[in-house]
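**Student:** One structure coming up, written as structure tokens, with questions to follow.
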Amino acid sequence: MYLRDDAQLFFGGDYNPEQWDEAVWKEDDELMRQARVNLATVGVFSWALLEPEEGRYDFAWLDAHLDRLHANRVAVDLATPTASPPPWFTLAHPDALPVGPDGTRLVHGSRDTYCLAAPAYRKAAVRIAGELAERYGKHPAVAMWHVHNEYATLCWCDHTAAAFREWLQERHGSLDALNDAWGTAFWSQRYGAWEQVLPPRATQWHKNPGQHLDFRRFWSDTVIAAYREQRDAIRAHSDRPVTTNLMLPGYQNLDLWAMGREVDLVAIDHYPDAPGFGAAADTAFAADRARSFAGGRPWLLMEQGTSTVYSSDQVLGKEPGEILRHTIGHIARGSEGALFFQWRQSRAGAETWHSAMVPHAGADSRIFREIQEVGEAVARLGEIKGSIVIADVAVLHDSDAWWAMEVDGLPSKELDYHGSLRRAHRALWEAGITVDFAHPENDLSRYRLVVAPALFLLSDAGAENLRDYVEGGGTLLVQHYSGVVDARLHARLGGYPALPLREALGIRVEEHRPLRRDEVIVLSDGTRATVWSESLRTEGETLVTYTHGMLAGKPAITRHRFGAGEGWYLSTRLDDSGYTALITRLAGSSGTPGLESVIRGNWRFLLNHGTEPIVLPEPGPDLLTGTTVGELPAGGCAVLKQGRTL
Ligand code: GLA
Numbered sequence: 233m234y235l236r237d238d239a240q241l242f243f244g245g246d247y248n249p250e251q252w253d254e255a256v257w258k259e260d261d262e263l264m265r266q267a268r269v270n271l272a273t274v275g276v277f278s279w280a281l282l283e284p285e286e287g288r289y290d291f292a293w294l295d296a297h298l299d300r301l302h303a304n305r306v307a308v309d310l311a312t313p314t315a316s317p318p319p320w321f322t323l324a325h326p327d328a329l330p331v332g333p334d335g336t337r338l339v340h341g342s343r344d345t346y347c348l349a350a351p352a353y354r355k356a357a358v359r360i361a362g363e364l365a366e367r368y369g370k371h372p373a374v375a376m377w378h379v380h381n382e383y384a385t386l387c388w389c390d391h392t393a394a395a396f397r398e399w400l401q402e403r404h405g406s407l408d409a410l411n412d413a414w415g416t417a418f419w420s421q422r423y424g425a426w427e428q429v430l431p432p433r434a435t436q437w438h439k440n441p442g443q444h445l446d447f448r449r450f451w452s453d454t455v456i457a458a459y460r461e462q463r464d465a466i467r468a469h470s471d472r473p474v475t476t477n478l479m480l481p482g483y484q485n486l487d488l489w490a491m492g493r494e495v496d497l498v499a500i501d502h503y504p505d506a507p508g509f510g511a512a513a514d515t516a517f518a519a520d521r522a523r524s525f526a527g528g529r530p531w532l533l534m535e536q537g538t539s540t541v542y543s544s545d546q547v548l549g550k551e552p553g554e555i556l557r558h559t560i561g562h563i564a565r566g567s568e569g570a571l572f573f574q575w576r577q578s579r580a581g582a583e584t585w586h587s588a589m590v591p592h593a594g595a596d597s598r599i600f601r602e603i604q605e606v607g608e609a610v611a612r613l614g615e616i617k618g619s620i621v622i623a624d625v626a627v628l629h630d631s632d633a634w635w636a637m638e639v640d641g642l643p644s645k646e647l648d649y650h651g652s653l654r655r656a657h658r659a660l661w662e663a664g665i666t667v668d669f670a671h672p673e674n675d676l677s678r679y680r681l682v683v684a685p686a687l688f689l690l691s692d693a694g695a696e697n698l699r700d701y702v703e704g705g706g707t708l709l710v711q712h713y714s715g716v717v718d719a720r721l722h723a724r725l726g727g728y729p730a731l732p733l734r735e736a737l738g739i740r741v742e743e744h745r746p747l748r749r750d751e752v753i754v755l756s757d758g759t760r761a762t763v764w765s766e767s768l769r770t771e772g773e774t775l776v777t778y779t780h781g782m783l784a785g786k787p788a789i790t791r792h793r794f795g796a797g798e799g800w801y802l803s804t805r806l807d808d809s810g811y812t813a814l815i816t817r818l819a820g821s822s823g824t825p826g827l828e829s830v831i832r833g834n835w836r837f838l839l840n841h842g843t844e845p846i847v848l849p850e851p852g853p854d855l856l857t858g859t860t861v862g863e864l865p866a867g868g869c870a871v872l873k874q875g876r877t878l
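With the sequence shown counted from 1, adding 232 to any position gets you the numbering used here.
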């Protein structure tokens, strides 16, 4: 990846000089030097300035900023501005405004107000991307391209309907096949002509589940097609890497495995949704997902909040030292640096109160001083660039399974795909285990343990793959309500989960029995459980049984030896301590509580999230300080050289 000094990690953030004047730009140059900024993301929301009227471009201001940044030794991650079409665009093309499921057409005045299926929007987006690439494709400041920003907007308009029908024809081949896939024999939904098929707009009651899932898949393909158009327009003029910043970890508007294959470098934005220890766990979760979507290769933290974390409806402050810990947490798990949103805190506009590297208070502030320290720290880590993280435990993630669990009519509203994934990851994180995410159809043989926390939908190929994984010697933990529908959302018949997986688990689930809201049951080993229970039979070993009602004495947790491996099944939702105990029993624990330890390449990253100093088992020279570290203070980080090479 291009950077004037290739032995540096990236450090910097979104830079919006168009919000300021020359005196501030001068100060920016000086402060960027002080903070050791070497990469600035420029132009993300600048369409209205770059193209003030349709087809009339003004690049002079951007020329000046790119030249200035280059002179200041700051490389540029140049964005296409297509996430925010200007007002003239929406007035000229009102049909390209997004429409909600209830038919409400949105208006400009915010951002992300476009329909990705509208031809006028797609044309205008590719045009401005191409113009930028032609002008700046070989500009010495440009290190990489940043297409769009957090592809997020969904739309249910007539353009979307037409594109959806085309996509469905391609996928299903015939109306009969579509009717069959969507189960339209139920509720008189049979389609007799393609024109009758709609996106899943507001309906009187439950929507057709197949329609929902196919719409999600279609939208993901639409996003990827829109990205590709811009990427290819850029590649026609530039050899610099092209990416887009993915919104992680909680948004799922596209198949991130598929997008990971399209970008030259996976880039994510991460804003923790809890303070303290929760933010540290969330950082690891986001970073492990990013690395996995990058196929294990290094990736880039494109945005993080500087000094704040979100928590419900509040924006809370990070504690001193937390900016560094989050930054090191991401780099430990494969990021090629750390960028922030944004360089300078806006003084006007919708995100005036979003934190920044240079806060409203200016450079004479705790936040900027910490940013300087973090910039120093990142600058010292250059030698780890390009090195990789190896994990031997995986959590299964599949977008289809996530989207499938959004459908109406599931037996419990407390089933939570994303929450289940996070919980599994967190239990492993707390046990000190480095985790990959993996797709259920991918080769899993390099993992000693695979956890499937919420695979409601499991394809035939996925079920076979999991069976083969166990047969080949792997240990698989499958959790409740998994493998119960196929890739078309049709229920598995003859007992759950899908047959090949049942063989590996040695079970047959006969009945789902969701628990009443707030109901807590106690299992035979004293563990508490909530949300869910199942009536199942096992030909393997029953480790723990239910003790209540008609399930009393029946298996709750089972283990089955199959081939050279073991299939474990957990049929309920254990409380936190019970779940952690089960995960630790399966994965082992390499951990000192509160100490995060990750190996990347030849270095061991250590982060003390606790409130007490931790004596390290093996003292070593720390890349961050250049000294030998034997004890890590509360909140401290260290990066120690390892004896072995990966
Ligand atoms: C996102 C966007 C940024 C900014 C930040 C902060 O990640 O990409 O433009 O809005 O959130 O809210």
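Quick reminder that beta carbons are idealized off the backbone N, C-alpha and C, glycines included.
Taking the beta strand (DSSP E) that R793 belongs to, which residues open and close that run?
**Tutor:** Locating residue 793 in the sequence shown gives position 561, where the first residue counts as 1. Where R793 is concerned, the enclosing beta strand (DSSP E) stretches over P787 to F794.
**Student:** Counting along the chain, where does the beta strand (DSSP E) carrying T770 start and finish?
**Tutor:** For the purposes of this step, residue 770 is taken as residue 538 along the sequence shown, with counting starting at 1. Where T770 is concerned, the enclosing beta strand (DSSP E) stretches over E766 to T770.
**Student:** Do you know offhand how far L839's Cα is from V871's?
**Tutor:** Against the sequence shown, residue 839 aligns to sequence position 607. Against the sequence shown, residue 871 aligns to sequence position 639. For L839 and V871, the distance between alpha carbons rounds to 9 Å.
**Student:** Leaving out five residues before and five after E286 in sequence, what residues of the same chain have Cβ atoms less than 7 Å from its Cβ?
**Tutor:** Residue 286 sits at position 54 when you count from the first residue of the sequence shown. So the list reads W320 and A324, once near-sequence residues are dropped.
**Student:** With three or more C-beta pairs closer than 8 Å as the rule, is the segment 654 to 669 touching the segment 814 to 824?
**Tutor:** Short answer: they touch.
**Student:** Can you list, in chain order, the stretches of the alpha helix (DSSP H) that have 4 or more residues and sit fully within the segment 614 to 640?
**Tutor:** If we require 4 residues or more, the alpha helix (DSSP H) runs fully inside the segment 614 to 640 come out as 631 to 636.
**Student:** Within its chain, find whatever has a CB closer than 6 Å to the CB of A239; leave out the 5 residues flanking it on each side and keep chain order.
**Tutor:** Here the question's residue 239 lines up with position 7 in the sequence shown. Excluding residues within five positions, the ones whose Cβ falls inside 6 Å are G614.
**Student:** Under 7 Å, do L886 and I500 count as touching if we go by C-beta distance?
**Tutor:** Residue numbering for the chain in the displayed model covers 233 to 878; residue 886 lies beyond these limits and cannot be assessed.
**Student:** Pull up the CB-CB distance for V717 and Y801, whole angstroms please, since I reckon it's below 8 Å.
**Tutor:** Position 485 of the sequence shown, counted from the start, is the residue given in the question as residue 717. Position 569 of the sequence shown, counted from the start, is the residue given in the question as residue 801. Not quite, the Cβ-Cβ distance comes to about 17 Å (not below 8 Å), so this is no contact.
**Student:** Quick one: grab the DSSP three-state call for D668.
**Tutor:** Taking the sequence shown and counting its residues from 1, the one referred to as residue 668 is at position 436. D668 falls in the strand class under three-state DSSP.
**Student:** Could you check the C-alpha separation between M491 and V741 for me, to the nearest Å?
**Tutor:** For this step, residue 491 is matched to residue 259 along the sequence shown. For this step, residue 741 is matched to residue 509 along the sequence shown. Cα-Cα distance, rounded: 35 Å.
**Student:** Evaluate contact between the segment 840 to 854 and the segment 822 to 832, counting only Cβ atoms and requiring at least three cross-stretch pairs below 8 Å.
**Tutor:** The segment 840 to 854 vs the segment 822 to 832: in contact.
**Student:** At a cut-off of 6 Å, is D501 close to the ligand GLA when judged by its beta-carbon and the heavy atoms of the ligand?
**Tutor:** For the purposes of this step, residue 501 is identified with residue 269 of the sequence shown, where counting begins at 1. Yes, since a heavy atom of the ligand GLA falls inside the 6 Å radius drawn around the Cβ of D501.
**Student:** Of all the options W419, D412, D246 and Q436, which has the alpha carbon lying nearest to the alpha carbon of H378?
**Tutor:** Within the sequence shown, residue 378 is the residue found at index 146, counting from 1. For the residues W419, D412, D246 and Q436, the minimum Cα distance to H378 belongs to D246.
**Student:** Using CA atoms only, rank isn't needed, just tell me which of E259, Q266 and P249 is closest to E605.
**Tutor:** Taking the sequence shown and counting its residues from 1, the one referred to as residue 605 is at position 373. Among E259, Q266 and P249, the Cα nearest to that of E605 is on Q266.
**Student:** Rounded C-beta distance between A328 and Y353? I'm assuming under 8 Å.
**Tutor:** Residue 328 sits at position 96 when you count from the first residue of the sequence shown. Residue 353 sits at position 121 when you count from the first residue of the sequence shown. Their Cβ separation, rounded to whole angstroms, is 4 Å, which keeps A328 and Y353 in contact under 8 Å.
**Student:** Consult DSSP for N411 and reduce its assignment to one of helix, strand or coil.
**Tutor:** Locating residue 411 in the sequence shown gives position 179, where the first residue counts as 1. Helix at N411.
**Student:** Enumerate in chain order the residues of its own chain whose CB-to-CB distance from Q251 is below 7 Å, with the five nearest sequence positions on each side excluded.
**Tutor:** One-based indexing of the sequence shown puts residue 251 at position 19. S578, listed in sequence order.
**Student:** Contact defined as beta carbons within less than 8 Å: I believe L263 pairs with F243. What is the distance between those atoms, to the nearest angstrom?
**Tutor:** Numbered from its first residue, the sequence shown carries residue 263 at position 31. Numbered from its first residue, the sequence shown carries residue 243 at position 11. Wrong, their Cβ atoms sit about 13 Å apart, outside the cutoff.
**Student:** Run through the segment 563 to 595 for me and flag every whole beta strand (DSSP E) of 3 or more residues, listed as ranges in chain order.
**Tutor:** Taking only runs of at least 3 residues, the beta strand (DSSP E) segments lying wholly in the segment 563 to 595 are 567 to 572.
**Student:** Helix, strand or coil for A659, going by three-state DSSP, please let me know.
**Tutor:** Position 427 of the sequence shown, counted from the start, is the residue given in the question as residue 659. In this structure, A659 counts as helix in the three-state DSSP scheme.
**Student:** Per DSSP, C869 forms a beta bridge with which residues?
**Tutor:** Against the sequence shown, residue 869 aligns to sequence position 637. The partner list for C869 (beta bridge, DSSP) reads L839.
**Student:** Determine, using beta carbons only, whether H302 and A365 come nearer to each other than 7 Å.
**Tutor:** Residue 302 sits at position 70 when you count from the first residue of the sequence shown. Residue 365 sits at position 133 when you count from the first residue of the sequence shown. No, they are not a contact pair.
**Student:** Do you know how far the Cα of P333 is from the Cα of V455?
**Tutor:** Taking the first residue of the sequence shown as position 1, residue 455 is located at position 223. Taking the first residue of the sequence shown as position 1, residue 333 is located at position 101. Distance between the alpha carbons of V455 and P333: 18 Å.
**Student:** Would you list the residues sitting across from F243 in a DSSP beta bridge?
**Tutor:** For the purposes of this step, residue 243 is identified with residue 11 of the sequence shown, where counting begins at 1. In DSSP, F243 forms a bridge with A570.
**Student:** Measuring CA to CA, which of D692, T666, G758 and T707 is closest to L676?
**Tutor:** Position 444 of the sequence shown, counted from the first residue, corresponds to residue 676. The residue with the shortest Cα to Cα distance from L676 is T707.
**Student:** CB P431 to CB H444, shorter than 7 Å?
**Tutor:** Here residue 431 is taken as the residue at index 199 of the sequence shown, counted from 1. Here residue 444 is taken as the residue at index 212 of the sequence shown, counted from 1. In this structure, H444 does not lie closer than 7 Å to P431 by Cβ.
**Student:** Beta carbon of N381: closer than 6 Å to some heavy atom of the ligand GLA?
**Tutor:** Residue numbering aside, residue 381 sits at position 149 when the sequence shown is read from its first letter. Result yes, Cβ under 6 Å from the ligand GLA.
**Student:** Would you please state the rounded distance, in angstroms, between the beta carbons of V308 and V274? I believe it to be under 8 Å.
**Tutor:** For this step, residue 308 is matched to residue 76 along the sequence shown. For this step, residue 274 is matched to residue 42 along the sequence shown. 5 Å between Cβ atoms; contact.
**Student:** Quick one, which of I622, I739 and D596 has its alpha-carbon nearest P787's?
**Tutor:** Along the sequence shown, read from residue 1 onward, the residue named residue 787 stands at position 555. That would be I739, whose Cα lies nearest to the Cα of P787.
**Student:** Consider the C-beta atom of F573 and the heavy atoms of the ligand GLA; say whether any pair is separated by less than 6 Å.
**Tutor:** Within the sequence shown, the letter at position 341 stands for residue 573. F573 Cβ: within cutoff of the ligand GLA.
**Student:** Buried or exposed, going by whether 16 or more other CB atoms sit within 10 Å of the CB of G561?
**Tutor:** Translated into the one-based positions of the sequence shown, residue 561 becomes position 329. With 16 or more other Cβ atoms within 10 Å, it is buried.
**Student:** Can you list the alpha helix (DSSP H) stretches of 4 or more residues lying completely in the segment 670 to 749, in chain order?
**Tutor:** Listed in chain order, they are 692 to 703 and 731 to 737.
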